[in-house]
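Residue numbers (UniProt numbering): 1 to 423.
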């Protein structure tokens, strides 16, 4: 350690740094002083949870809001609503008009003072190595850690050393992962088969090639990372073109809502699909894809089975201002040149506890659950029973395809990794 340096860092008793809502976080805040810190008043440790909406250049932008020790997340949207020209005699200029949308959910407020001077007096903090054990209990209703380009949910423990007014306080933080338990056996949609029927006329007006019917079925609608999705399809090709390729994708769809007049919502509030005075954003992200060559001749029928392994990703979840859903998309390509493909989309549920073979549907509703996003996969990896899923690193979660970039630099240096567990 270089001379005249002050070092702060945090360690957790849980080496995996993965927690479920309601669990207790235990750790140690370390303070190493190479020289005395004069006129110091306190050392504080706080639990922080932030989730802003972020996008540069006025499309979607935001920042982390940290109201003291308040644990919360907040979405701030600046939407470019209008562009217009203003003319001054023979010259002109373009101006942009922006409008802000915001929403906030407060989950908890937790902070401890690890050390303080007597009666608030400013004392000399002698050099040396200090350790301050801490304990925080997480609320029961927390949403999962989540990363996307329009917003993210991050949890961290922060330490701050008070210093004289002419010196900036010393700070550090440590991020951890929250993964709520999501038992697919309690969700009827996860237990029952999922089906989709699509009929389409190939070609364009005056150059029709005929009709193609695709029937898709998945044995159940719920999966956990590492499991294989098997889509059974029956294709009735009544067109004049051969069908030569089948493609399968796993798509994550995240939805965001905020309001022109900022609102603070209760954690128990539902995600509102439609409301006055709000603004919404929607993001599609491809998590995995696979394709295979097939041949279903014109005026014939055929059956095709497609396989795709679920990568490490967040479970389906819903909170007052963010909703994450998943869809399996099937696409068949023909030898035609215009309007020659047919596709179908099947909604599925991603959880953390897999469906038991003897599970029966009970009609339960979808709870709030989830974890961090996975990088895109070009093809499904081989799968055998009991395979573990390698978690993405925190940098992969942040930077991944179209990942969050705003506020990244100030946080990633203190983060080792972010992990997702199948319970």
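All C-beta atoms, glycine included, are put in the ideal place defined by N, C-alpha and C. Since this is a predicted model, take the numbers as computed values, not measurements.
Under the three-state reduction of DSSP output, residue 185 falls in the helix class. Taken through DSSP and simplified to helix, strand or coil, residue 191 comes out as helix.
Residue 282 and residue 219 have their alpha carbons spaced roughly 29 Å apart. Counting of Cβ neighbours within 10 angstroms places residue 209 among the buried residues, the total reaching 16 or more.
Rounded to whole angstroms, the gap between the alpha carbons of residue 271 and residue 215 is 32 Å. For residue 353, there is no enclosing beta strand (DSSP E), as DSSP marks it with neither H nor E.
As summarised for the region 279–320, the continuous beta strand (DSSP E) elements at least 3 residues long and confined to that stretch are 300–309, given in chain order.
Residue range 207–218 is occupied by the beta strand (DSSP E) that includes residue 210. In this structure, the alpha-carbon of residue 287 lies about 23 Å from that of residue 294. Around the beta carbon of residue 185, 16 or more other beta carbons lie within 10 angstroms, which makes this residue buried. According to the DSSP secondary-structure assignment, residue 221 is paired through a beta bridge with no residue. The alpha carbon of residue 202 has as its nearest neighbour, out of 19, 10, 334, 232, the alpha carbon of 334. Counting along the chain, residue 11 sits inside the beta strand (DSSP E) bounded by residues 6–12.
DSSP places residue 343 within a strand segment (E or B) once states are collapsed to three. By the C-beta criterion, the region 255–271 is judged not to be in contact with the region 301–313, since fewer than 3 inter-stretch pairs fall below 8 Å. Taking C-beta separations shorter than 7 Å and ignoring five residues to either side along the sequence, the partners of residue 190 in its chain run 184, 220, 221, 222, 349, 351, 355, following chain order.
Around residue 197, the same chain offers 215 as residues with beta carbons nearer than 7 Å, after the five sequence neighbours per side are excluded. Here DSSP, grouped into helix, strand and coil, assigns residue 35 to coil. Just so you know, the alpha carbons of residue 324 and residue 313 end up roughly 11 Å apart. Beta-bridge partners of residue 257 (DSSP): 280. Following the DSSP letters along the chain, one finds residue 173 inside the beta strand (DSSP E) bounded by residues 170–178. In the DSSP assignment, residue 162 forms no beta bridge with any residue.
Linking residue 137 to residue 160 through their CA atoms gives a straight-line distance of about 20 Å.
Boundaries cannot be given for residue 138, as no beta strand (DSSP E) includes it and DSSP labels it neither H nor E.
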